[in-house]
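First residue of the sequence shown? That's 524 in the working numbering, and the numbers climb one at a time after it.
Don't be surprised by glycine CBs; every beta carbon is placed ideally from N, CA and C.
Values in this document were obtained by computation on a predicted structure and should not be read as measured data.
This report refers to the structure that appears directly beneath it.
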Amino acid sequence: MATAMAQARTMITSALRVGIELDPELRGYPLRFEDYAKVLEPFDAGGVTVMVAVHTTTREPQLGPAARGYEATVYVITEQVDPGAGDDTLEQALEDTLDALDAAQLVTWERAERTVFGRDLWPCYEITATAHAQIERTAP
């Protein structure tokens, strides 16, 4: 059985998979979803990688006695370091990701910040998102 944090990560990733156009011809760039890793294997020079890492749990009593928020960082990364085309791809991927989060139920996002990822310093946006969930308690 998956932990609540793993379920929250799956909840956010699933919302992104549903909300982002999967056909690369229509989307305009190659895309992959990866489990969180500090080091990524190269993918595609014009492609985008999306990862989700859950890092904080909070109580959400306004949603119920067993409600929790699972705060995560959604990484939107491009391996293309060319400032022209790379920026266009990254910005389009950011907008696609934010649109998917906006459409998701029980997932909200707060901010997106431009940064770089990993030792290769790939251009990246870090989005702060929260999955809201009721925790089912089972007797031992």
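| query | Does the beta-carbon of E602 have 16 or more other beta-carbons within 10 angstroms, so that it is buried, or is it exposed? | reply | buried
| task | Note the first and the last residue of the continuous beta strand (DSSP E) segment covering P646. | result | W645 to Q657
| query | The alpha helix (DSSP H) spanning R540 covers which residue range? | reply | A527 to G542
| query | What does a CB cutoff of less than 7 Å around T579 pick up in its chain, not counting 5 residues either side in sequence? | reply | E594
| said: Taking the alpha-carbon of L644 as reference, which of K561, V597, Q628 and A623 has the nearest alpha-carbon? | reply: K561
| field | Where P547 falls, given that 16 or more other Cβ within 10 Å makes a residue buried | value | exposed
| task | For E627, I'd like the list of residues in its chain whose CB is within less than 6 Å of its CB, leaving aside the five on either flank, ordered along the chain. | result | Note that residue 627 is Ala in the sequence shown here, rather than Glu. For A627, where only same-chain residues beyond five positions count, the Cβ hits under 6 Å are A538.
| said: Under DSSP, the alpha helix (DSSP H) around L591 begins and ends at which residues? | reply: Just to set this straight, residue 591 is Arg in the shown sequence, not Leu. Here R591 belongs to no alpha helix (DSSP H); instead the beta strand (DSSP E) covers A590 to T601.
| When the Cα atoms are used, what is the spatial distance from L549 to P588? | 43 Å
| query | Is it right to say T581 is buried, meaning 16 or more other beta carbons lie within 10 angstroms of its own, or is it exposed? | reply | exposed
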